[in-house]
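Comments concern the structure below.
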Amino acid sequence: MQRSADAAFLLDAEGTIIFRNKAAQLMFLTNVNQMNFCSLFSSTRGDCWDSLARNLQAGDPSSHDVTVIDEKDGSALGFRVSLVKLSPEMMGDEDTNNDVFACAYVTPAHDHENTSSSSSRGPLGKVDSMDRCIHKISEDVSDHYEGHMKDVVEACGDPMFSVFEDGTIGMANGYGAHMFGYSQEELSKMNISSICPVVRDIQKIAQCMNGSAMKHHEQKTTALHKSGRSFNVDMCLSLNNSFAGSEEPVYFAHFKDLSAFEDHETELEHKDNLCQAMCNASFDPMFSIDQTGTILVVNDAACSMFGYSREEFINNNISMICNEKDSQSHDKYMERYLRTGKRRVIGIKRPLVARRKDGSEFHIELGVSEVNLPDGKKVFCGYVRDRTQERLDKQMIRRRDAVIKDEFFTPKKEDVRGAMKRNLERATQ
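Each number in this note's numbering comes from the position in the sequence shown (counting from 1) with 133 added on.
Now the structure itself:
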């Protein structure tokens, strides 16, 4: 409509002008937006807008000869007005065009006179006018929505295609051409199944969409590059009935190349495995917890010491290995440190009593270090050493020392009697 050489208007149900093209701006130099269309003309053969609108039929144009009186010299200018009520198919997206009621084309009357004199007798017939008007409207609507569709497809930051119900690609954006290795012109002549075999079932998918409230279909599948290379993609097929100019539904196919994501996931998995292997290499049990006390990482030594599996540890609170007293107070200790910053355990080796899965308690030595993450959060790493054997060894040493001390430094009764007897004998001599 914007590219039409004839003055064109879009009107609402009250006859108010809501849009005019460039040709209309040149023909009527004043700002006519929000004016009533009939007020542009001095004569409409007695017809007011209500009667015009009442007689309009969707897709069936009607023509009217009107005049405009020049206020300066009183001369009359004749115009031919072709009106057509727009059907929902012509209006397209109901949400954006719900005010549009009719379309009007205005052409100078002498255009029709010249045409009639050269081709047939009498003035231009209504049938010819209707044919020309409906043809022009159809062309303009088609151009408008083709341009609209192109804008939508090209504006998408991901590879995107418009696809018809038989799988024919209507349009592809530059990202789609780059992803699949074809030019946009090559893609527009292909069937979507040539680059994504799973969409051979597009008609089945379409039937599901049309028969239910579902408006999109998404799945991970394999796509084919022009070179023959296959790669994994995330495909989303959405139904759009708003692009008129086509009597069949239009589908939009979005693709996302998962290769980069898969490579990134593989790299992260490799780093996680390396980190876990390094933790498992430690002979001492090790835990990593977040600010809430939730266990994030645990090594094999910790699983062996406490009797839990790795799955039982992960995402559970560290209080599960504390004795009853510390278990109830651990979260308070953590909250107090985060609030005050005063360290009572961090950076200090501290003797504690821990609890195994079977409920038995034993003595440990705990060392905690703090790690500050880039996002401002904290992670705490705890290293545990079992002091059971150490305490037994100390007890044995104390007992041995006591035995030694008793043997060499505590006099025996026989020795005391003997000493007293010898001292008495010396005194009597």
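Backbone N, C-alpha and C fix where the C-beta goes; we use that ideal spot for every residue, glycine too.
Using the Cα positions of residue 555 and residue 561, report the straight-line distance between them to the nearest angstrom.
-> Approximately 10 Å between the Cα atoms of the pair.
message = Going by DSSP in three states, residue 345 sits in which element: helix, strand or coil?
response = Annotation note: pLDDT 48 at residue 345 (below 50); position unreliable, coordinate value reported separately. Residue state, collapsed to three classes: coil.
Review point. Who are the Cβ neighbours of residue 446 in its own chain at under 6 Å, not counting the five residues just before and after it?
Key: So the list reads 428 and 431, once near-sequence residues are dropped.
Could you name the residues of the same chain whose beta carbon sits closer than 8 Å to that of residue 189, not counting the 5 residues immediately before and after it, in chain order? The residues are 195, 216, 217, 218 and 235.
For this session: Could you pull out every residue in the same chain whose Cβ sits closer than 8 Å to the Cβ of residue 212, ignoring the five residues on either side in sequence?
Result: These residues qualify, in order along the chain: 174, 198, 199, 200, 201, 239, 240, 241 and 242.
Worksheet entry | Rounded C-alpha distance that separates residue 361 from residue 406 | The alpha-carbon atoms of residue 361 and residue 406 are separated by roughly 34 Å.
Sorry if obvious, but does the Cβ on residue 470 come closer than 8 Å to a heavy atom of the ligand ADP?
In terms of ligand content, the structure shown is empty, and the ligand ADP therefore cannot be addressed.
| task | Please say whether residue 358 and residue 293 have beta carbons closer to each other than 9 Å? | result | Contact: no.
- Message: Extract the residue ranges of the beta strand (DSSP E) inside the region 454 to 495, only unbroken runs of 3 or more that lie entirely within it.
- Response: Restricting attention to beta strand (DSSP E) runs no shorter than 3 residues, the region 454 to 495 encloses them at 483 to 488, ordered along the chain.
- Task: Measure from the alpha carbon of residue 392 to the alpha carbon of each residue in 353, 144, 465 and 148, then state which is nearest.
- Result: Considering only alpha carbons, the answer is 353.
For residue 216, which three-state DSSP category applies?
When DSSP states are grouped into helix, strand and coil, residue 216 belongs to the strand group.
Q.
Using the Cβ count rule (16 or more neighbours within 10 Å means buried), how would you classify residue 408?
A. Exposed is the call here.
Exercise. Tell me whether residue 149 sits in a helix, a strand or coil according to DSSP, three-state version.
Key: Looking at residue 149 - three-state DSSP - the assignment turns out to be strand.
So for residue 319, helix, strand or coil by DSSP? It is helical.
Subject >> Alpha carbon of residue 423 to alpha carbon of residue 475, nearest angstrom >> reply: Those two C-alpha atoms are separated by around 18 Å.
Next on the checklist: Taking the beta carbon of residue 214 as the centre, do at least 16 other beta carbons fall within 10 Å, making it buried, or is it exposed?
Outcome noted: Buried, since its Cβ has 16 or more Cβ neighbours within 10 Å.
Which one of 303, 533 and 307 has the shortest CA to CA distance from residue 323? Nearest of 303, 533 and 307 to residue 323, Cα basis: 303.
Practice prompt. Assuming residue 471 and residue 483 form a contact by the criterion Cβ under 8 Å, report the distance between their Cβ atoms to the nearest whole angstrom.
Written response: The Cβ separation is near 18 Å, so there is no contact.
CA-CA distance, residue 413 and residue 492? So the alpha carbons of these two residues sit roughly 24 Å apart.
query = How about residue 450 and residue 426: do their beta carbons lie closer than 9 Å?
reply = Yes; because the gap between Cβ atoms is below 9 Å, this pair is in contact.
Quick one: grab the DSSP three-state call for residue 331. Helix, per DSSP.
Can you tell me the Cα-Cα spacing of residue 488 and residue 508, whole angstroms?
In this structure, the alpha-carbon of residue 488 lies about 33 Å from that of residue 508.
- Query: Going by Cα to Cα distance, which pick from 312, 372 and 416 is closest to residue 290?
  - Reply: The shortest C-alpha separation from residue 290 is found at 312.
Practice task
With DSSP as the reference, label residue 537 as helix, strand or coil.
Solution key: Note: residue 537 maps to helix in three-state DSSP.
Give the list of continuous beta strand (DSSP E) stretches no shorter than 3 residues that lie fully inside the region 403 to 460.
Runs of the beta strand (DSSP E) inside the region 403 to 460: 419 to 422 and 428 to 431.
### residue 220 versus residue 298 - alpha carbon distance
The straight-line gap separating the alpha-carbon atoms of residue 220 and residue 298 is approximately 22 Å.
Check your understanding: Rounded to a whole number of angstroms, what is the C-alpha to C-alpha distance between residue 171 and residue 145?
Key -> Computed Cα separation, rounded: 12 Å.
Open item on the list: Between residue 479 and residue 503, how many whole angstroms is the CB-CB distance? I'm expecting something under 8 Å.
Closed with: Contact between residue 479 and residue 503 holds: CB atoms are separated by about 5 Å, below the 8 Å threshold.
Practice task
Please list, in chain order, all residues of the same chain as residue 250 whose beta carbon is under 8 Å from its beta carbon, the five residues on each side excluded.
Solution key: Only weak support exists for where residue 250 lies, its pLDDT of 41 falling under 50; the value from the coordinates is given anyway. Nothing meets the Cβ criterion.
task: Would you tell me roughly how many angstroms separate the C-alpha atoms of residue 325 and residue 309, rounded to the nearest one?
output: Distance between the alpha carbons of residue 325 and residue 309 is about 12 Å.
| message | Quick check: the Cα distance between residue 441 and residue 460, rounded to an integer number of angstroms? | response | The straight-line gap from Cα to Cα measures roughly 17 Å.
Based on the DSSP secondary-structure assignment, which residues constitute the bridge partners of residue 286?
Partner(s): none; residue 286 has no beta bridge.
May I ask which residues mark the beginning and end of the alpha helix (DSSP H) holding residue 313? Start and end: 307 to 313.
### Query
Buried or exposed: where does residue 513 fall if 16 or more other Cβ atoms within 10 Å of its Cβ makes it buried?
By the 10 Å Cβ count, residue 513 comes out buried.
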